[in-house]
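What follows is one structure encoded as structure tokens, with my remarks underneath.
2 protein chains.
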Amino acid sequence: MTNTMIPGYIYDEPALPASPVTEADLAELRASVLFGEEDEAALRRAGEVLAGQVEDVLDVWYGFVGANPHLLAHFADEDGKPLQDYLARVRVRFGQWIVDTCNRPYDARWLAYADELGRRHTAAAKNRADAARSTASVPLRHLIALIYPITATVRPFLAATGATEEEVDAMHEAWRKTVIMQVALWSRAYAPEQW
Amino acid sequence: MTNTMIPGYIYDEPALPASPVTEADLAELRASVLFGEEDEAALRRAGEVLAGQVEDVLDVWYGFVGANPHLLAHFADEDGKPLQDYLARVRVRFGQWIVDTCNRPYDARWLAYADELGRRHTAAAKNRADAARSTASVPLRHLIALIYPITATVRPFLAATGATEEEVDAMHEAWRKTVIMQVALWSRAYAPEQW
Numbered sequence: 002m003t004n005t006m007i008p009g010y011i012y013d014e015p016a017l018p019a020s021p022v023t024e025a026d027l028a029e030l031r032a033s034v035l036f037g038e039e040d041e042a043a044l045r046r047a048g049e050v051l052a053g054q055v056e057d058v059l060d061v062w063y064g065f066v067g068a069n070p071h072l073l074a075h076f077a078d079e080d081g082k083p084l085q086d087y088l089a090r091v092r093v094r095f096g097q098w099i100v101d102t103c104n105r106p107y108d109a110r111w112l113a114y115a116d117e118l119g120r121r122h123t124a125a126a127k128n129r130a131d132a133a134r135s136t137a138s139v140p141l142r143h144l145i146a147l148i149y150p151i152t153a154t155v156r157p158f159l160a161a162t163g164a165t166e167e168e169v170d171a172m173h174e175a176w177r178k179t180v181i182m183q184v185a186l187w188s189r190a191y192a193p194e195q196w
Numbered sequence: 002m003t004n005t006m007i008p009g010y011i012y013d014e015p016a017l018p019a020s021p022v023t024e025a026d027l028a029e030l031r032a033s034v035l036f037g038e039e040d041e042a043a044l045r046r047a048g049e050v051l052a053g054q055v056e057d058v059l060d061v062w063y064g065f066v067g068a069n070p071h072l073l074a075h076f077a078d079e080d081g082k083p084l085q086d087y088l089a090r091v092r093v094r095f096g097q098w099i100v101d102t103c104n105r106p107y108d109a110r111w112l113a114y115a116d117e118l119g120r121r122h123t124a125a126a127k128n129r130a131d132a133a134r135s136t137a138s139v140p141l142r143h144l145i146a147l148i149y150p151i152t153a154t155v156r157p158f159l160a161a162t163g164a165t166e167e168e169v170d171a172m173h174e175a176w177r178k179t180v181i182m183q184v185a186l187w188s189r190a191y192a193p194e195q196w
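For the protein sequence lines, the chains are A and B, in the order given. The first sequence runs 2 to 196 under our numbering. The second sequence runs 2 to 196 under our numbering.
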């Protein structure tokens, strides 16, 4: 599936608004999470390792969401009934997010799409890309808390294709850093004045 | 030094306002970060391991802050001059936070103090406990990004007293979970309506 075939995926669309987050802001965030060139290289390797396992990673994450009613609620209608079409459409973009996280340059367009991903968790834009009738927003606390499962669960997949323990460590640390950095970026949509 | 001797440390003060965060909210957060009884036990062990190393941990963290102007700015005056008294007063409470994180029950009072710690990073209460003339608030993005160094740097200290690799792993994962959970709690002060 090429990017342009993913419904609601606007990473490469010329109309994607620029992020107000500057390159200097990003440099500070990179410094705060100790993200360097060796992490970029480790993410490229992670992208190769994860390429054939994206659906398996998503199975774990969707299993986790499905097992937690307070998370599944945000993919459900007002009666709590899970919206299968919404779950499925987000899932394809979630898989692409794994690929993008490993392979895209962290440049102005990456910042622009990070801003869009933040908005899509808030009342400003949740449900919109999928015309879903679900909750108005994902509470900020859940977005932050999910750093743990989204980082802890990826290690077995990073180790699945025979990388050395040292290589797995490098890929895993780079993954932790980028997820924390991206949640920090996404949080702007929740508190732009205090971001 | 007993708790009551730490300036600005109000964990046990009867006047500490209750948190609006409920036990049910906390149960959801615990589920999101996979925090269970085995993590509580691992944190108790971590408390024993770290007890004699708190100043060494703080040396690493303060070294990191001091090496990053965008972080040090929040301990500095408007001319960018670090406020040594403010740094020193916060440091004692930061050390006590390590101890509390490992040893306190995560109950209503813990939630109340977490709420206070969130406020103390925002314009609502930053500087107040120390009468410091520093920045009005710590931006939300920095609070989230610091999850990485505050979790990654603790491992050598957890391993320093001869625990097995498996025990160190257990303590480290419990530490990651609680730090992420606490940052999620602290974020309420930044976006109470969308928290």
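Glycine included, each C-beta is placed from N, C-alpha and C at the ideal position. Just so it is clear, the structure is predicted and the values come from calculations on it, not from any experiment.
For residue i, write down the residues that DSSP places opposite it in a beta bridge.
i: A/A77; result: A/P83
Assign residue i to one of three DSSP states: helix, strand, or coil.
i: A/K178; result: helix
i: A/A164; result: coil
i: B/V55; result: helix
i: B/V50; result: helix
i: B/A244; result: What is shown of chain B runs 2 to 196, which leaves residue 244 of chain B out entirely.
i: B/S20; result: coil
i: A/R105; result: coil
i: B/E14; result: coil
i: B/V34; result: coil
i: B/M2; result: With a pLDDT of 44 at B/M2, under the threshold of 50, the modelled position of this residue cannot be trusted; read the value that follows with caution. Here B/M2 sits in coil by DSSP.
i: B/I7; result: coil
i: A/W98; result: helix
In chain A, what lies closer than 7 Å to residue i by C-beta?
i: B/G143; result: The amino acid occupying residue 143 of chain B in the given sequence is His; Gly does not appear at that position. Correct list: S33.
i: B/A185; result: R142, I145 and A146
i: B/R94; result: The premise fails here: B/R94 is roughly 21 Å from chain A at the closest Cβ pair, so nothing lies under 7 Å.
i: B/K178; result: Y149
i: B/S20; result: Within 7 Å Cβ-Cβ: nothing; B/S20 doesn't reach chain A, min ~12 Å.
What does residue i reach in chain B if we use C-beta pairs closer than 8 Å?
i: A/P140; result: Q195 and W196
i: A/P8; result: Near A/P8 there are no residues of chain B at all, since even the closest Cβ is about 26 Å away, more than 8 Å.
i: A/T123; result: Q195
i: A/S135; result: Chain B residues near A/S135: none, gap ~16 Å exceeds 8 Å.
Out of the options, state which residue places its alpha-carbon closest to the alpha-carbon of residue i.
i: A/E24; options: A/Y12, A/E117 and A/W111; result: A/W111
i: B/E39; options: B/G9, B/T179 and B/A185; result: B/T179
i: A/A113; options: A/I7, A/P70 and A/V22; result: A/V22
i: A/T102; options: A/I7, A/G163, A/A43 and A/A89; result: A/A43
i: B/A68; options: A/L35, A/D86 and A/P70; result: A/L35
i: A/V1; options: A/Q195, A/P157, A/P83 and A/A32; result: In the structure as shown, chain A starts at 2 and stops at 196, and residue 1 of chain A therefore has no counterpart that could be examined.
i: A/L141; options: A/N128, A/A185 and A/A132; result: A/A185
i: B/A132; options: B/P157, B/L88 and B/W196; result: B/L88
i: B/H143; options: B/A130, B/H122 and B/T152; result: B/H122
i: A/R45; options: A/A115, A/N104 and A/Q85; result: A/N104
i: A/A171; options: A/R156, A/I181 and A/Q183; result: A/R156
i: B/W62; options: B/G163, B/I148 and B/E167; result: B/I148
i: B/E29; options: B/M182, B/A190, B/E194 and B/W187; result: B/M182
i: A/R90; options: A/D80, A/F76, A/A124 and A/V100; result: A/F76
i: A/F158; options: A/E41, A/P8, A/G37 and A/G53; result: A/G53
i: B/Y12; options: B/A130, B/S188, B/Q195 and B/A74; result: B/A130
i: B/P18; options: B/L118, B/D57 and B/D60; result: B/L118
i: A/P165; options: A/V50, A/R92 and A/R120; result: The sequence shown places Thr at residue 165 of chain A, not Pro. If we check each option's Cα against that of A/T165, A/V50 comes out closest.
i: B/P106; options: B/R189, B/G37, B/A190 and B/G9; result: B/G37
i: A/E194; options: B/S138, B/A161 and B/W176; result: B/S138
i: B/I7; options: B/A109, B/R189, B/V93 and B/K127; result: B/V93
i: B/D80; options: B/G48, B/S135, B/G96 and B/A175; result: B/S135
i: B/T162; options: B/R177, B/D116, B/G48 and B/E14; result: B/G48
i: A/L27; options: B/A115, B/H71 and B/Y10; result: B/H71
Show which residues of chain B have a CB atom less than 7 Å away from the CB atom of residue i.
i: A/E29; result: H71
i: A/Y191; result: A192 and Q195
Counting only Cβ pairs nearer than 8 Å, list the residues of chain A close to residue i.
i: B/I181; result: I145, A146, I148 and Y149
Ranges of the alpha helix (DSSP H) found wholly within the stretch 115 to 172 of chain B, counting only runs of at least 4: 141 to 146, 148 to 153 and 156 to 159
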